[in-house]
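>
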Amino acid sequence: MPRVLVVEDDPQLVRALRINLQVRTFEVEEATDGRTALRLAAAREPDVIVLDLGLPDMDGVDVIRSIRRAQSQVPILVLSARHTSEDKVRALDAGADDYVTKPFSMDELLARLRAATRRRRPQADSEGPVTVSTDEFTIDLAAKKVHRGGNSVRLTPTEWHLLEILVDNPGRLVTQRRLLQEVWGPTYAAHSNYLRVYMAQLRRKLERDPARPRYLITEPGMGYRFEP
Numbered sequence: 001m002p003r004v005l006v007v008e009d010d011p012q013l014v015r016a017l018r019i020n021l022q023v024r025t026f027e028v029e030e031a032t033d034g035r036t037a038l039r040l041a042a043a044r045e046p047d048v049i050v051l052d053l054g055l056p057d058m059d060g061v062d063v064i065r066s067i068r069r070a071q072s073q074v075p076i077l078v079l080s081a082r083h084t085s086e087d088k089v090r091a092l093d094a095g096a097d098d099y100v101t102k103p104f105s106m107d108e109l110l111a112r113l114r115a116a117t118r119r120r121r122p123q124a125d126s127e128g129p130v131t132v133s134t135d136e137f138t139i140d141l142a143a144k145k146v147h148r149g150g151n152s153v154r155l156t157p158t159e160w161h162l163l164e165i166l167v168d169n170p171g172r173l174v175t176q177r178r179l180l181q182e183v184w185g186p187t188y189a190a191h192s193n194y195l196r197v198y199m200a201q202l203r204r205k206l207e208r209d210p211a212r213p214r215y216l217i218t219e220p221g222m223g224y225r226f227e228p
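Quick note on UniProt numbering: the sequence shown kicks off at 1 and runs consecutively.
Have a look at this one:
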């Protein structure tokens, strides 16, 4: 039974979440402030965290940073009334995996929670995964090669670097800023047009239907994710 830590100070919303989650066989822990959330995250090791950013004692982004500093890879789904791109990018850059704005659809939230718990993988060993396989292509991370339909796919070094970052974060949204900084350097943090060009090239080489990608997904205004 997946364990969800709900971090929210609105008692009516907490009650609604608890009822809906328990009906769908989630075990629910609750915290109404950031300090309690950090204590429960360390002691109870939840499978996923649903986190409001507007907590009474500390900002939710600081909660995310504290959890990630503790080397925890637990999926964090932000559920917040803050809806600007800047707020979303701050939370995602701090280490959140997904972001849902209030008011929200309970069905959508539950679908995202199920996806987060499905894709959570055990901590990798010291060498990490060697290959990543999908129905369309196989990525050999050690050899830095991609095969599709029995044929080798030629990627440029920049395309490979982008793909490697996304594949190393399966199901997690990787922000535009992070991709630009890691691939091109800190002076290119605002050049989102670079990403559009190279992601289009990757989709043409790897996706069955580049116009409707299955694996290399765009989150408008925020970044990209690899869905295995």
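Beta carbons are placed, not taken as given, at the ideal position from N, Cα and C, and that holds for glycine.
Determine the extent of the beta strand (DSSP E) in which G223 is found, giving its start and end residues.
G223 to F226
> Could you pull the DSSP bridge partners for K145 from this structure?
D140
> Looking at V50 and V89, is the spacing between their C-beta atoms short of 8 angstroms?
no
> Would you please state the rounded distance, in angstroms, between the beta carbons of S192 and Q176? I believe it to be under 8 angstroms.
5 angstroms
> Identify whether residue 250 lies in helix, strand or coil by the three-state DSSP scheme.
Past the boundaries of the shown model lies residue 250; the chain is included only from 1 to 228, so the question cannot be answered.
> Alpha carbon to alpha carbon, how far is R172 from P103?
23 angstroms
> If you draw a straight line from the C-alpha of E27 to the C-alpha of R114, how long is it?
13 angstroms
> Count the other C-beta atoms from every protein chain shown that fall within 10 angstroms of the C-beta of M106, then say buried if there are 16 or more, exposed otherwise.
Exposed, by the Cβ-count rule.
> For A70, write down the residues that DSSP places opposite it in a beta bridge.
According to DSSP, A70 bridges with nothing at all.
> By how many angstroms is the C-alpha of A189 removed from the C-alpha of D168?
21 angstroms
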